Amino acid sequence: MQALLSTDAILVESYVGPGEERSLADDVLDGLTRPFKELPPKHFYDATGAELFDRICELPEYYPTRAERAILEDRSADIVAATGAAELVELGSGTAAKTRLLLAAMAEARTLRRFVPVDVTEAMVLECADALVDEFPGLRVHGIVGDFERHLRHVPPPDGPRVVAFLGGTIGNFPPGSRRRFLRALGRLLRPGVDHLLLGTDLVKDPAVIEAAYDDSAGVTAEFNRNVLRVINRELDADFDVEAFEHVAFFDREREWIEMRLRAQRRMDVDVRELGLKVAFAPREELRTEISAKFTVDRLRGDLAAAGLELREVLTDPDRLFALSLSSRK
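Numbering follows this note's numbering, in which position 244 of the sequence shown is assigned residue number 292; successive positions increment by one, without gaps.
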């Protein structure tokens, strides 16, 4: 652990160091040597990927960000009243743009004490901490620079009733088994009868609406998808011909999740020199880069129950595109 900043109002600790960084090399070695090639979506988000995703969130086809924000604008005060929240822990906090709505509602209710952002990007956590203590007088920030899948144990003990927020539908990126294991880990951050999990989930709906959100007419999502190959080229000295891969997005109606893939337009051999790895792609062979599960209330309740959590309330936007749910530990 390295303390990056320590003042009366701000403590930022980093757990990203030698042996603790996101293991792109391990994921590439594992994923590209499987019979069906795949990579985890966390490697989309270098600086270029983050910028592209910000653009995606502004696209007319991409409803999740707008729908989730609409719920928070409408119901943040209700969430704070239902939970008595004095502390907000946010996983994958980024700029905390949506979270400010919750913090403002906590401040209005005079319960706000502490914000605990958890994000792998050091600069984001530091900038966010500085901005928020200025915006909310009396707020303390305890920032954690780390991977929320591996560094949850470093979240500090609660300072009053706690809400753990995992927004944006990111829980849908986990396959079902991993999803329930991660929810169990989140449950360990909660005290029974005191703390709550606020979870953002995209809802099952018309497949055409879902597919359009992941394959926009402007091609921004396609560039976002291909950017993971640029990350590998840069970080692992690979020679992917990025433009030779076609963006593919489709809704799997049986599993009720969207898949994003990259399809090789021709046969090619890729050299990942940092790993001493040569990877062959057949014509039209696909590399899966993301799944994003869509939920019904019954599926959500089942996943939470399997993780020892009890669903308390489901809040949706007027069009029932997206949901925020409150749950607590049994």
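Glycine included, every Cβ here is placed at the ideal spot set by N, Cα and C. Values in this document were obtained by computation on a predicted structure and should not be read as measured data.
Distance CB(residue i)-CB(residue j) smaller than 9 Å
i, j, result
"residue 147", "residue 208", "no"
"residue 278", "residue 292", "no"
"residue 100", "residue 127", "no"
"residue 354", "residue 188", "no"
"residue 211", "residue 244", "yes"
"residue 270", "residue 169", "no"
"residue 288", "residue 255", "no"
"residue 379", "residue 140", "In the structure displayed, the chain extends from 49 to 378; residue 379 sits before or after that span and is not available."
"residue 192", "residue 111", "no"
"residue 307", "residue 92", "no"
"residue 282", "residue 86", "no"
Cβ-based neighbour list, residue i, same chain, cut-off 7 Å, excluding 5 preceding and 5 following
i, result
"residue 359", "348, 349, 352, 373, 375"
"residue 290", "274, 277, 278"
"residue 356", "232, 235, 377, 378"
"residue 206", "135, 239, 243"
"residue 88", "75"
"residue 67", "Low local confidence applies: a pLDDT of 48 at residue 67 is under 50, so the model's placement there is unreliable, with the coordinate-based value given in what follows. Cβ within range, chain order: n/a, list empty."
Proximal residues to residue i (C-beta, below 8 Å), its chain only, five neighbours per side dropped
i, result
"residue 251", "342, 343, 344, 364, 368, 369, 370, 371"
"residue 204", "164, 190"
"residue 331", "312, 313, 314, 315"
"residue 253", "342, 368, 369"
"residue 224", "341, 351"
"residue 178", "58"
"residue 202", "49, 61, 63, 192, 194"
Nonlocal neighbours in the same chain, by C-beta distance under 6 Å from residue i, ignoring five residues either side
i, result
"residue 334", "309, 311"
"residue 52", "60, 62"
"residue 157", "128"
"residue 65", "none"
"residue 50", "62"
Where residue i falls, given that 16 or more other Cβ within 10 Å makes a residue buried
i, result
"residue 131", "buried"
"residue 78", "exposed"
"residue 167", "buried"
"residue 228", "buried"
"residue 54", "exposed"
"residue 144", "buried"
"residue 257", "exposed"
"residue 80", "buried"
"residue 366", "exposed"
"residue 266", "exposed"
"residue 133", "buried"
"residue 226", "exposed"
"residue 162", "buried"
"residue 171", "exposed"
Residue closest to residue i, alpha-carbon to alpha-carbon, out of the options
i, options, result
"residue 238", "78, 106, 135", "135"
"residue 284", "165, 307, 322, 355", "322"
"residue 242", "129, 60, 271", "129"
"residue 185", "267, 154, 64, 124", "154"
"residue 249", "221, 195, 225", "221"
"residue 329", "230, 97, 55, 83", "83"
"residue 94", "324, 142, 245", "142"
"residue 75", "137, 280, 61, 181", "280"
"residue 246", "319, 362, 266", "362"
"residue 138", "92, 125, 194", "194"
"residue 122", "152, 305, 297", "152"
"residue 295", "301, 303, 272, 72", "272"
"residue 327", "175, 180, 286", "286"
Query raised in the report: For the 8 Å Cβ check, are there 3 or more pairs between the region 101 to 119 and the region 208 to 225?
Result: yes
Query raised in the report: Can at least three beta-carbon pairs, one atom from the region 249 to 266 and one from the region 89 to 109, be found at a separation below 8 Å?
Result: yes
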